[in-house]
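Residue numbers (our numbering): 5 to 133.
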């Protein structure tokens with residue numbers, strides 16, 4: 005009888021564990037995202053040649069494009085939500101406000117990535133002179 009109970013617990017646990025990790029993953033961040041950040045930080049520390057700086061500039065330009073895409077999506081959502089009229093007693097933050105703030109955030113991150121990429125491009129140009 006005890007072995008049946010252990011088997012049931014193991015079966016239920018193996019069925020529930022993938023669900024738990026799926027729900028926990030967005031809150032903690034995916035391991036791949038953490039790996040990319042640590043890899044990027046290490047690459048930034050070890051960069052000393054023009055090719056290293058160019059590679060970093062390319063990575064930051066890629067990130068810039070990702071943030072620009074997200075900003076464009078949020079701008080469209082912001083404009084869509086502005087069309088919705090509701091009562092004056094609406095609580096803050098309204099859905100239109102959250103879309104606006106996300107648009108601002110993604111725009112700022114895209115600008116930051118652009119500036120960082122330009123910095124590494126300047127370092128690469130200085131190395132080749």
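Glycine included, C-beta positions come from ideal geometry on N, C-alpha and C.
Just so you know, these numbers come straight off a predicted model, no measurement behind them.
Checklist line | Straight-line gap, residue 58 to residue 43 (C-alpha atoms, nearest Å) | finding: As a first step, residue 58 must be located in the chain shown, where it is residue number 54. As a first step, residue 43 must be located in the chain shown, where it is residue number 39. Those two C-alpha atoms are separated by around 16 Å.
Secondary structure at residue 87, three-state DSSP: helix, strand or coil? Along the chain shown, one-based indexing puts residue 87 at 83. Taken through DSSP and simplified to helix, strand or coil, residue 87 comes out as coil.
Item checked: Euclidean distance between Cα positions of residue 49 and residue 73 -> On the chain shown, residue 49 is found 45 positions in, with the first residue counted as 1. On the chain shown, residue 73 is found 69 positions in, with the first residue counted as 1. Whole-angstrom Cα-Cα distance: 28 Å.
(Q) Assuming residue 80 and residue 111 are in contact, meaning their beta carbons sit under 8 Å apart, how far apart are those beta carbons, in whole angstroms? (A) Position 76 of the chain shown, counted from the start, is the residue given in the question as residue 80. Position 107 of the chain shown, counted from the start, is the residue given in the question as residue 111. That belief does not hold up - the Cβ atoms of residue 80 and residue 111 are roughly 13 Å apart, past 8 Å.
Residue 130 to residue 94 span [Cα, whole Å]
Here residue 130 corresponds to residue number 126 of the chain shown, with the count starting at 1. Here residue 94 corresponds to residue number 90 of the chain shown, with the count starting at 1. Rounded to whole angstroms, residue 130 and residue 94 show a C-alpha spacing of 55 Å.
**Contact set for residue 127: own chain, Cβ-Cβ below 6 Å, skip 5 residues either direction** = For the purposes of this step, residue 127 is identified with residue 123 of the chain shown, where counting begins at 1. The residues are 57.
- Task: Check the C-beta distance from residue 134 over to residue 67 and give it rounded, since I have them as a contact under 8 Å.
- Result: The shown model of the chain, from 5 to 133, leaves out residue 134, and the question about it has no answer.
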